[in-house]
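Notes for the one structure printed next.
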Amino acid sequence: MRRRASLFFTASVFLTLGACKASNSAKAAGATSDWSMHGGNYQEQQFSPLKQIHVENVGKLGLLWSHEFGTHRGLEATPLVENGVIYTTVEWSVVYAIDARTGQVLWTFDPEVSRFRARRICCDVVNRGVALYHGKVYVGTLDGRLIALDEKSGAPAWDTVTFDQSKAYAITGAPRVAKGLVLIGNAGAEYGVRGYISAYDAETGKLVWRTFTVPGDPAQGFESKALEVAAKTWHGKWWVAGGGGTPWDTIVYDPELDLVYTGTGNGSTWYRALRSEGQGDNLYLASILALRGSTGEMAWHFQETPGDNWDYDATQPLMLAELKIGGRARKVIMQASKNGFFYILDRETGEFISAKPFVSGITWAAGVDAQSGRPIESTTAYDGLHPVLVSPDTDGAHNWFPMAFDPQKGLVYIPAKERTAFLHAPDPGWKYDPKSWNRGQNEDYSGPLVKKLQAAPPAVGKLVAWNPVEEREVWHVVHPSVESGGVLATAGDLVFQGRPDGTFLAYDATNGRKLWEFDTGTGIMAPPVTYTVGGVQYITVTAGWGGVPGVINPPGQGITKPGFGRILTFAIGGNRKLEIPPFGHSGPPKPAIHMTASRETVHEGEVLYSTYCLYCHGVNAVAGALPDLRYASVQVHKQFPDIVLGGARESRGMPSFKDVLNEKKVRAIEAFVLSRAEQSAHAAH
Ligand code: CA
Numbered sequence: 012m013r014r015r016a017s018l019f020f021t022a023s024v025f026l027t028l029g030a031c032k033a034s035n036s037a038k039a040a041g042a043t044s045d046w047s048m049h050g051g052n053y054q055e056q057q058f059s060p061l062k063q064i065h066v067e068n069v070g071k072l073g074l075l076w077s078h079e080f081g082t083h084r085g086l087e088a089t090p091l092v093e094n095g096v097i098y099t100t101v102e103w104s105v106v107y108a109i110d111a112r113t114g115q116v117l118w119t120f121d122p123e124v125s126r127f128r129a130r131r132i133c134c135d136v137v138n139r140g141v142a143l144y145h146g147k148v149y150v151g152t153l154d155g156r157l158i159a160l161d162e163k164s165g166a167p168a169w170d171t172v173t174f175d176q177s178k179a180y181a182i183t184g185a186p187r188v189a190k191g192l193v194l195i196g197n198a199g200a201e202y203g204v205r206g207y208i209s210a211y212d213a214e215t216g217k218l219v220w221r222t223f224t225v226p227g228d229p230a231q232g233f234e235s236k237a238l239e240v241a242a243k244t245w246h247g248k249w250w251v252a253g254g255g256g257t258p259w260d261t262i263v264y265d266p267e268l269d270l271v272y273t274g275t276g277n278g279s280t281w282y283r284a285l286r287s288e289g290q291g292d293n294l295y296l297a298s299i300l301a302l303r304g305s306t307g308e309m310a311w312h313f314q315e316t317p318g319d320n321w322d323y324d325a326t327q328p329l330m331l332a333e334l335k336i337g338g339r340a341r342k343v344i345m346q347a348s349k350n351g352f353f354y355i356l357d358r359e360t361g362e363f364i365s366a367k368p369f370v371s372g373i374t375w376a377a378g379v380d381a382q383s384g385r386p387i388e389s390t391t392a393y394d395g396l397h398p399v400l401v402s403p404d405t406d407g408a409h410n411w412f413p414m415a416f417d418p419q420k421g422l423v424y425i426p427a428k429e430r431t432a433f434l435h436a437p438d439p440g441w442k443y444d445p446k447s448w449n450r451g452q453n454e455d456y457s458g459p460l461v462k463k464l465q466a467a468p469p470a471v472g473k474l475v476a477w478n479p480v481e482e483r484e485v486w487h488v489v490h491p492s493v494e495s496g497g498v499l500a501t502a503g504d505l506v507f508q509g510r511p512d513g514t515f516l517a518y519d520a521t522n523g524r525k526l527w528e529f530d531t532g533t534g535i536m537a538p539p540v541t542y543t544v545g546g547v548q549y550i551t552v553t554a555g556w557g558g559v560p561g562v563i564n565p566p567g568q569g570i571t572k573p574g575f576g577r578i579l580t581f582a583i584g585g586n587r588k589l590e591i592p593p594f595g596h597s598g599p600p601k602p603a604i605h606m607t608a609s610r611e612t613v614h615e616g617e618v619l620y621s622t623y624c625l626y627c628h629g630v631n632a633v634a635g636a637l638p639d640l641r642y643a644s645v646q647v648h649k650q651f652p653d654i655v656l657g658g659a660r661e662s663r664g665m666p667s668f669k670d671v672l673n674e675k676k677v678r679a680i681e682a683f684v685l686s687r688a689e690q691s692a693h694a695a696h
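The C-terminal position of the sequence shown is numbered 696 in the numbering used here, with every residue numbered one higher than the one before it.
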């Protein structure tokens with residue numbers, strides 16, 4: 012009661028203070044006061060014309076309310092806001108409706124996704140949010156359902172399965188709506204699937220069209236001319252592993268041109284030599300596709316990374332804009348690609364306009380040919396089945412984290428990573444295995460490139476202000492960590508962004524000067540949004556550390572703060588203090604039991620760990636957001652096979668691995684984990 016009362020008190024005090032100041036801007040803002048679409052509007056520029064909060068008064072920005080989700084994995088959703096209600100998602104595709112003024116939860120919807128699905132997703136059990144349309148909330152779930160919920164009650168209106176659930180597909184992306192159709196893609200190219208995007212009738216949930224991104228088995232016939240053309244760029248029996256090309260995040264709709272744009276992922280496998288006999292462009296992997304809104308027919312395509320060999324998905328957020336380039340007004344589509352180049356295309360025709368590196372240290376390509384748009388691939392970037400070391404790494408110079416564009420300043424603000432590097436070692440013995448990863452990577456590689464990778468200069472995280480017309484950086488901020496969250500720009504000359512150390516910041520959009528910061532207690536990945544309720548401008552962001560950097564927890568990432576997930580809303584005059592519940596362990600690990608195991612067994616355990624465990628429990632068994640196995644108790648060790656094989660902790664998100672591991676292998680993994688605990692304990696002394 013007390014807590015509730017103080018929330019209302021804070022809100023009402025603020026409203027009184029803000030009311031007179033707010034009225035003019037609120038009127039001017041008009042219909043833009045909601046944030047009812049991913050990216051803010053159809054163009055997905057992550058930009059708001061609101062300017063009640065501006066460079067001069069942002070120092071008075073404070074917390075209005077926060078809500079604890081009790082989650083501890085990555086929170087990646089862009090919250091949508093309509094009529095004072097926030098609609099967002101957390102881990103396991105759970106949907107929340109929250110009163111934007113008070114933080115009171117209005118309803119929740121749990122699709123009850125099987126925890127086994129954790130084994131069918133590369134990068135944490137995340138979700139990037141919902142779509143809103145005509146009184147319904149649409150969510151794509153990790154197990155591949157597209158569900159329509161009533162906006163008022165959260166009750167399901169329809170629920171449809173979008174993929175073969177026996178395969179390693181997943182949905183983490185937010186649906187989009189185009190002319191009464193709900194659009195959704197899928198993920199899974201790391202496991203071996205065939206990517207596609209589907210359009211469903213928003214009212215009934217009936218499938219209207221489906222467009223595959225890569226060709227299937229030619230013997231079965233092609234679904235379209237575009238796929239028949241694509242098949243000529245593939246070799247061998249690519250379809251056995253699915254081919255990949257999963258459009259797992261970005262979808263943007265241009266109502267004027269009736270075109271749906273999406274970006275496609277890497278191939279199954281990652282490696283050209285294993286996937287397509289080392290030949291061909293492998294259309295339409297790592298590409299931007301434009302599809303007709305009504306039919307899904309391909310209007311044009313542009314492949315950023317032909318014959319991709321480095322996991323350079325082209326799935327990063329696409330953004331539409333009108334730019335004056337070479338004295339000519341152009342309707343463009345822009346992307347800061349994982350491969351390190353900032354692309355501008357004509358979105359009517361797909362014509363290549365420009366591509367320039369937005370970070371330094373790119374080694375896989377010397378540049379992009381100004382005429383063809385094809386990368387000038389470095390001779391060191393591909394060597395058949397031999398390992399290569401390249402930058403950017405598999406996480407990319409920019410990933411799914413939304414960038415923002417201020418059309419008044421003409422600047423794009425990119426959450427960028429510089430000089431990341433990855434050692435690609437194809438496994439010559441790779442064969443498609445539907446029960447496991449199919450990246451085709453040799454997990455056991457220990458050749459001379461390992462030393463070279465270790466000696467590489469450290470990666471740097473940056474917020475880059477990029478002038479797309481002049482193809483140059485205007486300013487940048489260096490972060491204390493390699494990662495940083497999604498970005499929001501506003502007409503108040505502000506750029507908002509969160510960091511993995513939990514700091515939420517506002518910068519001067521003109522020069523990158525830091526103007527304000529707030530400690531949210533847990534690493535931030537998601538982009539903030541802004542909107543008005545009752546004529547007052549609010550800023551909302553979720554904090555929740557996970558995803559690839561949070562669960563894999565690679566070393567050298569800077570300060571990261573795993574913790575409990577929460578959503579926070581800020582306004583001028585907000586003054587609530589955030590109480591952060593403690594999370595994780597203090598002090599070095601101490602092996603709970605002693606286990607006698609040979610060096611061979613420990614090594615076997617290490618290889619198995621790298622295949623099955625690392626992607627949740629962290630590199631070298633040093634965890635981020637999920638349980639750190641070095642701290643496992645006597646009880647956990649007693650139950651080790653019950654947990655790993657028997658699924659004793661399935662309800663808490665730990666699936667059974669009995670189909671791929673046995674007791675002997677589990678004991679080897681346990682021996683490795685204990686050896687890591689011993690090493691860590693030793694290092695602490
Ligand atoms: Ca990928």
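Yeah, the Cβ is synthetic: ideal placement off N, Cα and C, and Gly gets one too.
These figures come from a predicted structure and were not determined experimentally.
Remark: the shortest separation between the CB of Asn293 and any heavy atom of ligand 1 does not fall under 7 Å. Scanning the segment 428-515 from its first residue to its last, the whole beta strand (DSSP E) runs of 3-plus residues come out as 433-435, 471-478, 483-489, 498-501 and 505-509. Straight across, the Cα-Cα distance linking Ala377 with Lys367 is about 11 Å. One alpha carbon belongs to Asn52, the other to Gly151, and they sit about 20 Å apart. Three or more beta-carbon pairs drawn from the segment 413-433 and the segment 475-486 are found closer than 8 Å, and the two stretches are therefore classed as touching. Cβ-Cβ distances below 6 Å link Pro652 to Glu674 and Val677 in the same chain, with the five nearest sequence neighbours on each side left out; the list follows chain order.
The continuous alpha helix (DSSP H) containing Thr612 extends over residues Arg610 to Tyr623. At least one heavy atom of ligand 1 lies closer than 7 Å to the C-beta of Glu201. When only Cα atoms are considered, Met536 and Met414 end up about 12 Å apart. Within the chosen limit of 7 Å, ligand 1 reaches the beta carbon of Asn277 through at least one heavy atom. Residue pairing of Arg341 in beta bridges, as defined by DSSP: Leu334.
Short of 8 Å from the beta carbon of Gly50, and not among the five residues preceding or following it, lie these beta carbons of its own chain, in chain order: Gln56, Gln57, Thr89, Val263, Pro328, Met330 and Pro413. In this structure, Asp357 sits near Lys342, with a CB-CB distance shorter than 8 Å. CA-to-CA, the gap between Gly532 and Phe683 works out to about 32 Å. The DSSP-derived three-state label of Ala189 is strand. When C-beta atoms of the segment 657-665 are compared with those of the segment 586-600, fewer than three pairs fall below 8 Å, so the two segments do not count as touching.
For Pro386, the closest alpha carbon among the candidates Ser348, Asn449 and Asp406 is that of Ser348.
In the DSSP assignment, Gly73 forms a beta bridge with Ala582. Taking C-beta atoms as the reference points, Gly451 and Pro437 count as a pair closer than 8 Å. Placement of the Cβ of Asp404 at a distance of 7 Å or more from every heavy atom of ligand 1 is found. Membership of Ala415 in the beta strand (DSSP E) is indicated by the continuous run Ala415 to Asp417. Contact check for Asp212 against Leu192 passes: the beta carbons are separated by less than 8 Å. Checking the 7 Å criterion, the Cβ of Asp260 is out of range of every heavy atom belonging to ligand 1. Annotated three-state conformation of Ile563 is helix, per DSSP. Contact check for Arg641 and Arg687: beta-carbon distance about 5 Å, within the 8 Å limit, so the pair qualifies. Under the 10 Å beta carbon count, Gly81 is surrounded by fewer than 16 other beta carbons and is classified as exposed. Relative to ligand 1, the beta carbon of Asp444 is positioned no closer than 7 Å to any heavy atom. Runs of the alpha helix (DSSP H) lying entirely within the segment 198-263 and spanning at least 4 residues, in chain order: 236-242. Counting along the chain, the unbroken alpha helix (DSSP H) around Phe683 starts and ends at Glu674 to Ala695.
In the DSSP secondary-structure assignment, Ala108 is bridged to Tyr98 and Trp118. Linking Asp519 to Ile109 through their CA atoms gives a straight-line distance of about 30 Å.
For Asp357, the pairing in a beta bridge is given by DSSP as Val343.
Per DSSP, reduced to three states, the secondary structure at Tyr272 is strand.
In terms of side-chain proximity, the C-beta atom of Asp322 is found nearer than 7 Å to a non-hydrogen atom of ligand 1. In the same chain as Gly496, and ignoring 5 residues on each side of it, the C-beta atoms closer than 7 Å to its own belong to Phe412, Pro426, Gln508, Gly509, Arg510, Ile535, Met536, Ala537 and Pro538, in chain order.
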